[in-house]
Each structure stands twice: as structure tokens, then as C-alpha cells.
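Novice:
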Ligand SMILES: Cc1cc2nc3c(=O)[nH]c(=O)nc-3n(C[C@H](O)[C@H](O)[C@H](O)COP(=O)(O)O)c2cc1C
């Protein structure tokens with residue numbers, strides 16, 4: 028794979044290609060991150076970590092349907108202290124690692140970020156966007172522009188590392204929220220998380236399938252929503268955007284980049300295409316660029332905006 032054609036700089040991180048493993052889809056261990064880096068990802072995002080350990084929602088926590096998947100994991104994680112031990116040495120991970128920190132209040136975000144900032148992570152992402160966990164994200168108003176700006180400002184005080192704010196494609200005024208967090212100091216935006224909450228009912232039992240009753244929808248079903256959000260955010264901010272939601276092929280990555288993304292997050296595609304999904308997407312992207320004589324991702328970025 029030619030490094031020049033696909034390489035990208037994101038908040039000072041050098042990515043050999045623009046694919047980033049989305050948070051949470053590969054579980055929690057350092058060994059899994061190391062394996063994912065050997066499988067060709069441009070960068071990796073850690074599972075989201077809270078101050079205290081959390082057992083998450085009751086099973087079933089994930090279900091598939093004809094055009095995507097739905098999950099309600101509920102931020103199961105061992106808590107920041109354990110994670111500081113687990114991730115203290117990331118020397119065998121061959122690409123940049125992005126931490127993911129979560130709190131219920133700006134102060135709690137700041138606490139987790141200040142601990143996580145001491146780890147060998149290149150940036151820290153804050154998901155303000157989960158659609159299925161009370162106390163966090165959409166369920167506690169974290170994507171209200173004022174609240175999102177407060178959390179961002181607290182995060183910037185807690186670390187010198189770049190802060191990426193992960194938004195939800197479920198919010199209608201996503202450009203407004205993106206602009207508020209940019210003004211509060213965010214270094215990049217990720218849009219975004221799963222959409223919802225949604226629900227799937229087992230018609231034989233008449234009960235919702237997921238243990239929590241509802242969950243976040245992800246995979247191909249949400250891609251057009253995520254693309255439109257990235258388009259809107261690109262119009263509203265100058266900082267780089269990670270486009271995430273339903274990207275399964277190189278074609279989908281190209282679409283996101285044309286909407287304005289600097290890099291692309293990939294989650295559900297790893298269930299469909301296996302552990303090498305990100306490398307496959309990068310290869311397909313490169314092949315298409317060569318055919319069309321594109322010399323860099325920069326040339327393609329945001330071109331949908333000139334064609335209204
Ligand atoms: C099983 C599972 C767990 C997830 N856990 C997290 C998480 O801990 N933090 C987070 O920010 N996003 C989490 N997500 C959301 C993904 O990172 C991603 O934003 C979302 O799935 C949309 O991308 P996709 O359509 O490519 O999967 C999770 C998704 C899945 C499928």
C-alpha cells in the first residue's frame with residue numbers, strides 16, 4: 028500500500044491510511060489493540076472508560092437485522108485505574124491509539140481524562156453521544172451545545188493531548204453543536220456514534236430483544252445519516268472531522284471524505300468483513316484513487332460541497 032497516497036495527519040497523529048477502528052467494537056484488552064494494529068488500521072480507538080468499573084446492561088447486548096445491527100452494551104468497562112495498568116505499555120501497537128474517556132459531569136470527564144492523558148495515547152475522544160445509557164451522552168443532554176462546550180473546556184484543561192468530540196448523528200442541529208465545541212477548544216470532531224435509541228421486538232414473545240429494551244443502531248442503515256451530518260459539520264467548523272457510521276467498503280469511505288471527513292471510523296464492518304476490514308477498505312480506497320488519478324486524500328476532501 029503506497030503510504031503517500033493514503034497517509035493523513037490528524038491532530039498531529041500520522042496515519043498510514045485514513046481508517047480508524049471505532050471505539051468499543053473490539054472489546055477492551057491491550058492484546059486486541061495490538062492485533063488490530065497488525066491488521067492494517069490507520070489508528071485505533073480504545074473502548075470507552077469511566078471513572079468506576081461498570082458491568083453494563085444485561086444480555087442480550089447486541090442484535091443484527093437486515094440492514095445493520097443494534098447494541099446496548101452500556102459502557103461495560105473495568106474503570107480508569109485498571110485501564111491505566113492494562114494500557115501502560117503500548118509499544119507493540121504499531122499505529123496511533125486514541126483513548127476514549129467518559130463521565131457524567133464535566134468534573135468527572137476531567138478526572139478520567141487527566142488519568143488517561145498519562146497513558147501512551149495520541150489523543151482522547153469524548154463520546155457525548157451514546158443513545159442508550161442513562162447518565163451519559165444523549166440520555167443526559169451532553170449534546171446540548173452549552174453542555175457539550177462545558178465538557179470540552181473541562182477536557183482541554185485536564186490534558187495537553189488533542190481532544191476529539193464524538194457527536195451523535197441523531198441530533199438535528201449537529202453543526203451548531205460542532206461549532207460550540209470547536210469554540211471551546213476541541214481539536215477534532217467524530218461523527219459519530221450509533222443512532223437512536225431504536226428497538227427490535229421478537230414477535231413470538233412480544234418482548235424487545237435487547238436486555239436494555241432499546242439500543243443504538245449502527246452499520247449500513249445509518250450511513251446516509253452520518254454522511255449528511257459530516258456534510259453539515261464541514262460547513263460549520265474548520266477542525267478535522269472523523270466520519271463514522273456504516274462504512275463497509277472503500278466506496279463508503281470515499282463518500283465520507285467527499286462530504287468533508289479527514290479520516291473514517293469503522294466499527295460494524297469488522298463483523299461483516301472480519302478483522303482485516305479496515306485494510307480492505309483502505310485497499311479499495313487506494314485502488315479507486317489510482318483509477319481516477321487522485322494524488323492525495325486532500326484533493327477529494329469536501330468536493331461534494333462545490334456541487335450543490
Ligand atoms: C459492540 C459495540 C460497542 C460500542 N462501544 C462504544 C464505546 O464504548 N464508545 C463509543 O464511543 N462508541 C461505541 N460504539 C459505537 C461505535 O464506536 C461506532 O461509533 C458506531 O458503531 C457507528 O459506526 P459503525 O456503523 O461503523 O459501527 C460501539 C459499537 C458497538 C457495535
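Numbering (this note's numbering), first residue to last: 28 to 335.
Beta carbons: idealized from backbone N, C-alpha and C, even for Gly.
Are there 16 or more other CB atoms within 10 angstroms of the CB of residue 142, so buried, or fewer, so exposed?
Specialist: Label assigned to residue 142: buried.
Novice: State whether the stretch 296-312 contacts the stretch 185-202, with contact taken as three or more CB pairs (one from each stretch) at a distance under 8 Å.
Specialist: Touching, no.
Novice: On the three-state DSSP scale, how would you describe residue 293?
Specialist: Here residue 293 sits in strand by DSSP.
Novice: When you compare only the Cα positions, how much space is there between residue 275 and residue 304?
Specialist: In a straight line, the C-alpha of residue 275 is about 8 Å away from that of residue 304.
Novice: Opposite residue 43 in the DSSP bridges: which residues?
Specialist: Its beta-bridge partners do not exist; DSSP assigns none.
Novice: With distances taken from CA atoms, which of 257, 151, 237, 71 is nearest residue 214?
Specialist: Here the closest residue by C-alpha is 151.
Novice: Per the contact definition of three or more C-beta pairs closer than 8 Å, is the stretch 234-252 in contact with the stretch 166-184?
Specialist: Judged by Cβ distances under 8 Å, the stretch 166-184 makes no contact with the stretch 234-252, as fewer than three pairs qualify.
Novice: Smallest Cα separation from residue 31: which of 44, 282, 75, 257?
Specialist: When only C-alpha atoms are compared, the closest one is 44.
Novice: Are the beta-carbon atoms of residue 185 and residue 208 separated by less than 7 Å?
Specialist: No. Outside cutoff.
Novice: Let me confirm a value: residue 163 is counted as buried when at least 16 other C-beta atoms fall within 10 Å, else exposed. Which label applies?
Specialist: With 16 or more other Cβ atoms within 10 Å, it is buried.
Novice: Quick check on residue 193: does DSSP put it in helix, strand or coil?
Specialist: Residue 193 falls in the strand class under three-state DSSP.
Novice: Starting from the Cα of residue 89, find the closest Cα among 300, 101, 268, 333 and give me that residue.
Specialist: Among 300, 101, 268, 333, the Cα nearest to that of residue 89 belongs to 101.
Novice: Would you mind reading off the limits of the alpha helix (DSSP H) that contains residue 251?
Specialist: From DSSP, the alpha helix (DSSP H) with residue 251 extends over 250-263.
Novice: Compute the Euclidean distance between the alpha carbons of residue 182 and residue 318, then round it to the nearest angstrom.
Specialist: C-alpha separation (whole angstroms): 43 Å.
Novice: Apart from the five residues just before and just after residue 78, which ones in its own chain have a Cβ nearer than 7 Å to its Cβ?
Specialist: The answer, listed in chain order, is 106, 107, 130, 135, 138, 139.
Novice: Between residue 71 and residue 114, is the Cβ-Cβ spacing less than 7 Å?
Specialist: No; because the gap between Cβ atoms is not below 7 Å, this pair is not in contact.
Novice: Could you check whether the Cβ of residue 44 sits closer than 6 Å to any heavy atom belonging to ligand 1?
Specialist: Not under cutoff, so the answer is no.
Novice: Leaving out five residues on either side along the sequence, give the residues of the same chain with a beta carbon under 8 Å from the beta carbon of residue 29.
Specialist: With a pLDDT of only 44 at residue 29, under 50, the local geometry of the prediction cannot be trusted, and the value read off the model is given with reservation. Contacts found: 313.
Novice: Do residue 159 and residue 224 have their C-beta atoms closer together than 7 Å?
Specialist: For residue 159 and residue 224, yes; Cβs fall inside 7 Å.
Novice: Tell whether a beta-carbon distance below 7 Å holds between residue 286 and residue 257.
Specialist: In contact: residue 286 and residue 257 (Cβ atoms closer than 7 Å).
Novice: For residue 328, count neighbouring Cβ atoms within 10 angstroms of its own Cβ and tell me buried if that reaches 16, exposed if not.
Specialist: By the 10 Å Cβ count, residue 328 comes out buried.
Novice: How many Å lie between residue 324 and residue 284 at the Cα?
Specialist: Roughly 8 Å between the two C-alpha positions.
Novice: Contact check, residue 80 vs residue 109 under 8 Å by CB: the rounded distance?
Specialist: Right, their Cβ atoms sit about 7 Å apart.
Novice: Within the stretch 47-118, note down every full beta strand (DSSP E) run reaching 3 residues or more, in order along the chain.
Specialist: Those beta strand (DSSP E) runs which fall completely within the stretch 47-118 and span 3+ residues are 70-72, 89-92, 95-98.
Novice: Sort out for me which residues DSSP pairs residue 274 with in a bridge.
Specialist: Paired residue(s): none; residue 274 is not in a bridge.
Novice: Would you check if the distance between the CB atom of residue 248 and the CB atom of residue 211 is smaller than 7 Å?
Specialist: Their beta carbons are not under 7 Å apart, which means residue 248 does not touch residue 211 by this criterion.
Novice: Helix, strand or coil, according to DSSP, for residue 206 in the structure here?
Specialist: Residue state, collapsed to three classes: helix.
Novice: Quick one: using the 10 Å Cβ neighbour count with 16 as the cut-off for buried, is residue 189 buried or exposed?
Specialist: Burial call: buried.
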